[in-house]
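So the structure is just underneath, and the comments pick up after that.
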Amino acid sequence: MVCGSCGKDNSDGNQFCTGCGDKLSSSEEFLMKDEDMESDPEPATLADLTLRVKNLERDLSRMRGILGKKGKLWCICDKGSTAKPL
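In this text, residue positions in the sequence shown follow my numbering: the first is 279, and each later residue adds one.
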């Protein structure tokens, strides 16, 4: 795991960073896995890239809906209900 405080790679499975002593969390482990998944370069076709762009645009649209127009968090509950500021 990579320490979120100092950036040191702690691949020994330690609970604490060997560089700065901070506790390593599971979220850092999750982020590390996410980075590993994106670092695998695979040849892609134009159709694959187009689909990826559409998926990213959809995700971005959802994030904008969650943040609202002024950057505030909004709760989008059930389909058909109104959004409520948190």
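All C-beta atoms, glycine included, are put in the ideal place defined by N, C-alpha and C.
Using only the alpha-carbon positions, how far apart do residue i and residue j sit?
{"i": "residue 294", "j": "residue 285", "result": "13 angstroms"}
{"i": "residue 335", "j": "residue 327", "result": "12 angstroms"}
{"i": "residue 322", "j": "residue 333", "result": "15 angstroms"}
{"i": "residue 345", "j": "residue 280", "result": "29 angstroms"}
{"i": "residue 308", "j": "residue 302", "result": "At residue 308 the pLDDT is 49, less than 50, meaning the model places this residue with poor confidence; the figure from the coordinates comes in the next sentence. Roughly 11 angstroms between the two C-alpha positions."}
{"i": "residue 291", "j": "residue 297", "result": "14 angstroms"}
{"i": "residue 300", "j": "residue 324", "result": "44 angstroms"}
{"i": "residue 342", "j": "residue 331", "result": "16 angstroms"}
{"i": "residue 338", "j": "residue 320", "result": "24 angstroms"}
{"i": "residue 289", "j": "residue 340", "result": "35 angstroms"}
In the DSSP assignment, the alpha helix (DSSP H) including residue i goes from what residue to what residue?
{"i": "residue 288", "result": "No alpha helix (DSSP H) holds residue 288; DSSP gives it neither H nor E."}
{"i": "residue 338", "result": "324-345"}
For residue i, which residues in the same chain have their Cβ closer than 6 angstroms to its Cβ, ignoring the five residues on either side in sequence?
{"i": "residue 287", "result": "280"}
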